[in-house]
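Below is one structure; the comments refer to it alone.
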Amino acid sequence: MERASVEWRTRHSGPGDGDSCAEIANSPTHVAIRDTKAPARNPLTFPTGAFTPFIDALKSAHSTVTDFARFRG
1 MERASVEWRT RHSGPGDGDS CAEIANSPTH VAIRDTKAPA RNPLTFPTGA FTPFIDALKS
61 AHSTVTDFAR FRG
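For the sequence shown, my numbering begins at 1 and goes up steadily by one.
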């Protein structure tokens, strides 16, 4: 997923002034996320079908580090 070829969208999160933000970009085959405070660093990139399960696992109250191991590729 080439950075210049995608449009990044900012998503605000966190309490207070919302200074914990992430940017998300989509392509037909991948979803990428990056920290708005460090846009030059490499984004975390997922095949399209793996992004939603990853987010669902983050939301789960019962998630553990072991749960995330299955998302590594």
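Even glycine gets a Cβ: it sits at the ideal position worked out from N, Cα and C.
- In summary, ARG34 is buried, with 16 or more beta-carbon neighbours lying within 10 Å of its beta-carbon over all protein chains present.
- Restricted to the stretch 30-59, the beta strand (DSSP E) segments that are unbroken, complete and at least 3 residues in length are 30-35 and 44-47, listed in chain order.
- Counting the other Cβ atoms within 10 Å of the Cβ of ALA32 gives 16 or more, which makes it buried.
- Nearest to ALA22 by alpha-carbon distance, out of HIS30, TRP8 and THR29, is TRP8.
- In the structure shown, GLU7 adopts coil according to DSSP, grouped into three states.
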